[in-house]
Amino acid sequence: MKRRDFIKLLGGTAAAWPLIARAQQMTRMRRIGALMDFSEYDPQSTIGTSAFEHGLEERGWKLGTNLQIKYRWANYPNLLLKFAHELVALAPDVILAVGGSSASALQEVTRTIPVVFMEISDPVNRRLITSMERPGGNFTGLIEFQPGIGRKWLELLKQIAPAVTRVAVIQDPSRFAWRNLLTSIEKAASTSSVKVSPVDARDGVKMERMITTFASSPNGGLMVTPNTFSVLMRDRIIALAARHKLPAIYFNQLFVTDGGLASYAPDTSDQYRRAAGYIDRILKGEKPADMSIQAPTKFEFVINLKAAQTIGLNIPAGVLAVADRVIK
3 MKRRDFIKLL GGTAAAWPLI ARAQQMTRMR RIGALMDFSE YDPQSTIGTS
53 AFEHGLEERG WKLGTNLQIK YRWANYPNLL LKFAHELVAL APDVILAVGG
103 SSASALQEVT RTIPVVFMEI SDPVNRRLIT SMERPGGNFT GLIEFQPGIG
153 RKWLELLKQI APAVTRVAVI QDPSRFAWRN LLTSIEKAAS TSSVKVSPVD
203 ARDGVKMERM ITTFASSPNG GLMVTPNTFS VLMRDRIIAL AARHKLPAIY
253 FNQLFVTDGG LASYAPDTSD QYRRAAGYID RILKGEKPAD MSIQAPTKFE
303 FVINLKAAQT IGLNIPAGVL AVADRVIK
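Set out below in structure tokens:
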């Protein structure tokens with residue numbers, strides 16, 4: 003072989019190396035762990051896992067062929083650390099963490115396995131990452147809300163029920179993003195002549211007592227902000243709102259499909275599909291430290307007309323017209 007032809011052949015082979023490496027990545031079995039901060043039997047589980055697995059399939063990953071996923075469902079917060087240890091012991095290539103508590107539990111167990119988080123409001127203050135642009139460690143992913151979302155919730159609640167002048171805000175004050183969120187809500191309330199009354203969700207009995215007292219005065223409304231306790235007690239909260247005829251807006255559409263009045267939240271399926279995109283990039287060689295954090299881009303406003311009828315509320319036609327989904 004002439005030297006010129008040999009160099010051409012060598013050059014062509016070198017150019018093909020990245021393609022060969024990527025093909026090898028896609029054919030060998032890769033393993034994903036997933037730590038979920040809710041029950042396997044929660045409706046959210048089907049919505050989330052279907053979108054997540056479909057998002058991976060769109061990118062060339064097929065369960066049982068080149069991909070395995072091991073889920074752990076922590077419907078009680080005290081299970082998170084136990085399940086985090088179990089997943090890390092399986093030595094997965096990457097872990098999906100749904101919820102801030104899930105991510106914090108994994109941080110206690112591993113500083114090396116890549117973790118993609120979602121449904122977290124403030125990963126910097128949680129010390130999961132160094133900055134939103136350059137996470138700097140083994141964590142990256144999607145934030146759930148930005149603090150300004152509080153203004154939007156109050157705005158929609160006032161549009162749904164214009165008579166509301168007082169709002170009980172169910173929250174978990176131990177959440178890292180709570181203070182910024184409350185500030186956002188209070189600023190919006192001050193311009194709308196609305197009084198805000200925080201209600202701690204961590205004690206169900208105390209929460210119910212506070213809501214009952216709050217509802218004894220007229221023109222009240224309810225806002226439920228992101229926290230695990232409210233998710234676990236959502237049937238109870240929905241029942242309280244109905245019993246006391248409180249117009250309510252929730253941070254997750256599951257409350258509305260279960261009988262609550264209205265929600266404004268990121269599209270769940272879209273968030274899981276985007277998380278699949280992060281995991282695909284990591285499996286193909288990118289480092290979490292260099293992958294910037296993204297905010298939601300697609301939101302849904304959902305209204306339940308049956309819930310409105312239960313509390314005797316007539317929702318303005320203009321509000322129904324802008325809703326993404328109306329449950330009858």
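Numbering of the sequence shown is given in the numbering used here, commencing with residue 3 and proceeding in unit increments.
A virtual CB, placed ideally from N, CA and C, is assigned to each residue, including glycine.
Just so we're clear, the structure is a prediction, and the values are computed from it rather than from any experiment.
- Taken atom to atom, the span from the alpha-carbon of I239 to that of P298 is near 26 Å.
- Bounds of the alpha helix (DSSP H) holding V258 are 255-259.
- The three-state secondary structure of F147, taken from DSSP, is coil.
- Of all alpha-carbon atoms in G222, S271, E302, the one lying nearest the alpha-carbon of V258 is that of E302.
- Of the other Cβ atoms in all chains shown, fewer than 16 fall within 10 Å of the Cβ of P220; this residue is therefore exposed.
- Looking at the backbone, the Cα of E55 and that of G35 are separated by about 12 Å.
- Membership of A309 in any beta strand (DSSP E) is not indicated; the residue belongs instead to the alpha helix (DSSP H) covering 307-312.
- According to the DSSP secondary-structure assignment, Y266 is paired through a beta bridge with F303.
- For Q296, same chain residues with a beta-carbon under 6 Å away, outside a window of 5 residues either side, are L144 in chain order.
- Per DSSP, A243 is one residue of the alpha helix (DSSP H) stretching across 236-245.
- By the Cβ neighbour-count rule, D124 is buried, with 16 or more other Cβ atoms within 10 Å of its own.
- Counting only unbroken stretches of 3 or more residues, the beta strand (DSSP E) elements lying wholly within the region 149-202 are 168-173, 197-202, in sequence order.
- Put simply, of T185, L242, D237, G223 the residue whose alpha carbon is nearest the alpha carbon of G150 is T185.
- Around the beta carbon of A53, 16 or more other beta carbons sit within 10 angstroms, so the residue counts as buried.
- Per DSSP, reduced to three states, the secondary structure at I71 is strand.
- In this structure, the alpha-carbon of P200 lies about 43 Å from that of R33.
- Apart from the 5 residues on each side of it in sequence, M212 sits with its Cβ closer than 7 Å to the Cβ of V201 in its chain, given in chain order.
- A contact between stretches requires three or more CB pairs, one per stretch, nearer than 8 Å, and the region 115-129 meets this requirement with the region 276-284.
- Here R327 is exposed. Its C-beta has fewer than 16 other C-beta atoms within 10 Å.
- Going by C-alpha positions, V169 is about 11 Å away from W155.
- Counting only residues of its own chain and dropping the five nearest sequence neighbours on each side, D269 has a CB closer than 8 Å to the CB of P298, K300, F301, E302.
- When rounded, the separation of the alpha-carbon atoms in D174 and A250 is 17 Å.
- A direct Cα-Cα distance of roughly 33 Å separates L108 from V304.
- When the Cα atoms are used, A310 and L158 turn out to be separated by approximately 14 Å.
- Relative to S133, the option among I329, L315, L183, P290 whose CA is nearest is P290.
- One alpha carbon belongs to D282, the other to L58, and they sit about 7 Å apart.
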